[in-house]
DNA sequence: GTCTATACTGTGATAGAC
DNA sequence: GTCTATCACAGTATAGAC
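Chains as they are written, first to last, in my numbering: chain S, 1 to 207; chain G, 1 to 207.
Structure (structure tokens):
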């Protein structure tokens, strides 16, 4: 028999994950298990029952965040858009959009960066990055355009990490430019033609 | 009189900072003061003498890393380059160059990301980011080009954080492209002309 | 002034009560 | 299945050797 259960185990798990996110966001990874458990309305022992250790809790939280980002990119996919670079454009939108949810999402980057302390999380992030790399490369975009656009999207979303003032108008503007870059390849080939001839790998790479 | 000094205080400080960097890189912020002190060849108390607390040590380490990056950008400045975007190009080189020192530099990003847990470090990073923003905006580059180039450089250097496989050849290629973008504005204005008309702030901003 | 030795406080983890 | 009691250990503070 349960000692006392006003909620289901899965509900408790979710409460604990949310509480962990909030506490670590504000107090850093040094946030206490006591704090997290209390905020979720359970005891420290109760927390440890659901997550074997603090590392395990953090790993689960990181997993949750990465999945949330994937969902956001999927939601940003335009069903009417079937041109090459479809996924890249959704990726850019998810990284740069300034809506209510997207703001929370982009701020999660700072949270995830803190979690990466734990080796298991680092491995999780590595695998996730590799998967994005694979999926984006299958998106049909010229290699150079893809590298530029994705780097810029990453850089802009990572800016919150370093405390850079993120002006919504600037982000929307960059977003439009990046999306335009994925659509207007002629422009890009012009850049390549005029570029420094001693660039390594200067030929090939275009589809 | 010093109880025992096979080295000067400033040497001890440097040893401690380097030890802290190494240990935190490998074991995360949870690296013990004992570990760090031992690696530097002093006792835990000795560490606490030089740095009042672990937070203080970490703040000093972050300060050191930010300064090292500034030095790297300065070193990447081409004296012969006097065209607008001079600083942006040096910034790109420092972020993307794949030499011996630069590699260490780019890996320091992951370290700094871990330190940002401490509020004092977050504030330090915020101020530093703001300063870069100011200096780069005074660099004479069109606003749009600057935003794109800097975002991309940031994104590429932050990739190591997320475990993305950083291929040297790809980085050098992106570097050349970004530098080319800062030099070839005509190309960019073409992109702006063809871009979506509903982009906010679509007029003005060019110098 | 610089450091070592050591004692104190609070956190993460465990065993076992209910 | 949930929580209490307890332990081991990390960060901090202090006394004192040199």
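Quick reminder that beta carbons are idealized off the backbone N, C-alpha and C, glycines included. Treat the numbers as computed from the prediction; the structure is a model and nothing was measured.
Residue i - containing alpha helix (DSSP H), residue span
i: residue 79 of chain S; result: That residue, residue 79 of chain S, is in no alpha helix (DSSP H); it is neither H nor E in DSSP.
i: residue 109 of chain S; result: 100-115
i: residue 182 of chain G; result: 168-183
i: residue 149 of chain S; result: 143-158
i: residue 161 of chain G; result: Neither: residue 161 of chain G is in no alpha helix (DSSP H) and is coded neither H nor E.
i: residue 12 of chain G; result: 9-27
i: residue 40 of chain S; result: 33-40
i: residue 45 of chain G; result: 44-50
i: residue 97 of chain S; result: First-last for residue 97 of chain S: undefined, no H or E at that position.
i: residue 125 of chain S; result: 119-137
is_contact[residue i, chain G] using C-beta, thresh 8 Å
i: residue 12 of chain S; result: no
i: residue 100 of chain S; result: no
i: residue 126 of chain S; result: yes
i: residue 151 of chain S; result: yes
i: residue 117 of chain S; result: yes
i: residue 141 of chain S; result: no
Partners in chain S for residue i, counting only beta-carbon separations shorter than 7 Å
i: residue 170 of chain G; result: 147
Residue-level contact to chain S via CB, residue i, 8 Å cutoff
i: residue 144 of chain G; result: yes
i: residue 163 of chain G; result: yes
i: residue 28 of chain G; result: yes
i: residue 90 of chain G; result: no
i: residue 120 of chain G; result: no
i: residue 114 of chain G; result: yes
i: residue 67 of chain G; result: no
i: residue 20 of chain G; result: no
Partners in chain S for residue i, counting only beta-carbon separations shorter than 8 Å
i: residue 133 of chain G; result: 164 and 165
i: residue 81 of chain G; result: What residue 81 of chain G touches in chain S: nothing, since even the nearest Cβ is about 14 Å away.
Proximal chain G residues relative to residue i, where beta-carbon distance stays under 7 Å
i: residue 56 of chain S; result: The contacting residues do not exist; residue 56 of chain S stays about 15 Å from chain G at best.
Under 9 Å by beta carbon: chain S residues contacting residue i
i: residue 174 of chain G; result: 144, 147, 148 and 151
i: residue 155 of chain G; result: 150, 151, 152, 153, 154, 155, 156, 157 and 158
i: residue 40 of chain G; result: Chain S residues near residue 40 of chain G: none, gap ~21 Å exceeds 9 Å.
Proximal chain G residues relative to residue i, where beta-carbon distance stays under 9 Å
i: residue 85 of chain S; result: Simply none; closest approach about 15 Å.
i: residue 137 of chain S; result: Near residue 137 of chain S there are no residues of chain G at all, since even the closest Cβ is about 11 Å away, more than 9 Å.
i: residue 129 of chain S; result: 159, 162, 163, 164 and 165
Residue i Cβ short of 7 Å to the ligand NAP heavy atom set
i: residue 187 of chain S; result: Ligands displayed in this structure: none; no statement on the ligand NAP is therefore possible.
Practice prompt. Check whether the region 35-44 of chain G touches the region 6-18 of chain G, taking contact to mean three or more Cβ pairs, one atom from each stretch, closer than 8 Å.
Written response: Taking 8 Å as the limit for Cβ pairs, the verdict is that the region 6-18 of chain G does touch the region 35-44 of chain G.
Worksheet entry | Validate contact between the region 169-184 of chain S and the region 178-187 of chain G using beta carbons, cut 8 Å, 3 pairs | Contact check between the region 169-184 of chain S and the region 178-187 of chain G: fewer than three CB pairs, one atom from each, fall below 8 Å, which does not count as touching.
Worksheet item: Does the region 63-80 of chain G come within contact of the region 89-99 of chain G, defined as at least 3 CB pairs closer than 8 Å?
Response: Contact holds: three or more Cβ-Cβ distances are below 8 Å.
Practice prompt. Mind the definition here: the region 114-123 of chain G touches the region 51-58 of chain G only if three or more C-beta pairs lie below 8 Å; say whether that holds.
Written response: Flag = yes, the region 114-123 of chain G and the region 51-58 of chain G touch.
Discussion item. For the pair the region 121-135 of chain S and the region 159-168 of chain G, tell me if three or more CB-CB distances fall below 8 Å.
Written reply: Yes: at least three Cβ pairs fall under 8 Å.
Practice prompt. Report yes or no: do three or more beta-carbon pairs, one from the region 145-159 of chain G and one from the region 148-156 of chain S, lie closer than 8 Å?
Written response: As far as the Cβ criterion goes, the region 145-159 of chain G touches the region 148-156 of chain S, which means the pair count is three or higher.
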